[in-house]
Structures are given as C-alpha cells and as structure tokens.
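Single-structure report; data block below.
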Amino acid sequence: NHKKTLEGKTVLITAGPTYEALDPVRFIGNHSSGKMGFSLAEEASKRGAKVILISGPTSQVMNDKNVDVHKITSAKEMLTKVFEFYDTIDIGIASAAVADYAPKEVAKEKIKKNDDSLTIELIKNPDILKTMGEKKTHQFLVGFALETQNEEENAKGKLEKKNLDMIVLNSLRDEGAGFKNDTNKIKIFTKTEKKEFELKSKDDVAKDILNFVESQILK
Ligand code: C5P
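So this is what it looks like as structure tokens:
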C-alpha cells in the first residue's frame, strides 16, 4: 500500500517500554519490544504522513529516514516530549507500555545489598494518553489496551476515561498476541463500532489499524 492516504497529516506515535531509574545502574521496566509502534510509524510514513515516533529503550531499528525518532527513557520524559509536539499533530497513537509507577527517589549511589529486605517506595507516573485526552482539541486519539480479564469492558472503559476516539485491544489470552511477539491479534472499538481481526504479523496489524483510523477521520 503506497497510496498517500495520510498525506498532509501529522501522526505522533509512542512506543516501547519506559525505564524508571532506581539508582545509577538499575531501573524498573517491562518487556515491551516496541515493535508495534515501529510498524505503525513505518506504515504511516509510507502512506505519506509526517511521523513523530517517541520511543523508550528498545532494540528496534527505524529504517525509514523520514520518521522523526525521539528516544526517551522515563515516563516523565515521554510526557514532556509528547507535549512538545501535541498542538501540531492530527493523530496520536499511544502504543507505549508506560511504567505505571516510578521510584519516589533515585539513589545517587548504587544501592548496596546490606539488609535482608529492601523496600522501595513507588509513586504513580503521569498517564500520558489520559493527559493527551484531557487536552484534546482536534486530535484523533488511539489507545491500546492489554487486558487479562473483562477485556472488552475494560477497553471500552479506557476509551471513555481517557477521552479517546478509538482503542485497540489485545488479549494476553490469545496465543501469539501482544508485547514480545512479532504477531498480534486485535479488536478495535470506537464509541459505536467493534471490529475483530485475525492473528497477523505486527506489520499487517499496523495496516489494519491505520485503515481503521482512515475510515474514521475521512468520514
Ligand atoms: O491504563 P492503561 O495503562 O491500561 O492504558 C493503556 C493505554 O494508555 C496505552 O495506549 C498506553 O500507551 C497509554 N498509557 C500512557 N501513559 C501511562 C499509561 C498508559 O500513555 N502512564
């Protein structure tokens, strides 16, 4: 698909995990590969969009020189970077697996293993996508939901709560879906619609997602 169906549109995509520092050498993170976000960025760029990709630490390589890649580490850095561009974007897609909590304090020196137990206080991170939803003026916002129970209900709840236009649900119960895999199986919800897709490569899932976005913004 090389039809320039997103010509003139600016798309911002968040991708990958965030790392929340504990001390100079350690962090709290997660296994997100960043693959879904990179696939979305490449596909949106092929379709003629101006693409801004804001990614946490990942081993993904961006092959498309037209994609504007910004590497960040923590959730707070991701939030700041997103809002450098937020006013200029038409479409925002949040595929990042943002850490929900970060250590309250970052130790200046490496934490020593002196005691038999260690307690670390965690403070809730900003919800980047929810903040985008609160500040929405014209942007079309897409979120992801990775659920293990009451999945449809929870996904639709997030659509409402974060003021989104569309949410992509992937179930951890589906073999080959989500997170570390190269494949994904999704359902898409808007306030009024629901569409289910087969298990596919993340490159093909990116096409389905962008086709659906286009069907929404061009109607
Ligand atoms: O609430 P939950 O984490 O399940 O929501 C998932 C969606 O919200 C994803 O699109 C994710 O990228 C986004 N999110 C975010 N900032 C957070 C947590 C989640 O942008 N702190």
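With the UniProt record's numbering applied, the sequence shown closes on residue 400, and no number is skipped along the way.
Each residue gets a CB set at the ideal place from its N, CA and C atoms; glycine is no exception.
Owing to the predicted nature of the structure, the values given are computational and were not obtained by experimental measurement.
For Phe393, there is no enclosing beta strand (DSSP E); the enclosing alpha helix (DSSP H) covers residues Lys383 to Ile398. Remark: C-beta atoms of Tyr267 and Lys342 do not approach each other more closely than 9 angstroms. Taking 8 angstroms as the upper bound for CB-CB distance, Lys227 and Asp363 are not in contact here, some 19 angstroms apart.
Remark: C-beta atoms of Ala196 and Thr239 approach each other more closely than 9 angstroms. Boundaries of the alpha helix (DSSP H) around Glu224: Lys216 to Lys227. In the three-state DSSP reduction, Asn335 falls in the helix class (H, G or I).
Using a Cβ-Cβ distance cut-off of 8 angstroms, the segment 323-335 and the segment 229-244 are not in contact, since fewer than three pairs of beta carbons, one from each stretch, lie closer than that value. The three-state secondary structure of Val263, taken from DSSP, is helix. Only residues of its own chain outside the window of five on either side were considered, and among them Lys190 and Thr191 have a CB closer than 6 angstroms to the CB of Asp271, listed in chain order. Leaving aside the five residues that flank Lys305 on each side, the residues in its chain whose CB is nearer than 7 angstroms to its CB run, in chain order, Asp281 and Tyr282.
Glu341 sits in a helix when the DSSP states are folded into three classes.
Exclusion of Asn211 from the 8 angstroms shell around ligand 1 follows from its C-beta lying no nearer than that to any non-hydrogen atom of the ligand. Residue range Lys231 to Ser236 is occupied by the beta strand (DSSP E) that includes Ile235.
A direct Cα-Cα distance of roughly 13 angstroms separates Asp385 from Ala222. Note that the C-beta distance between Ile348 and Thr371 is below 9 angstroms.
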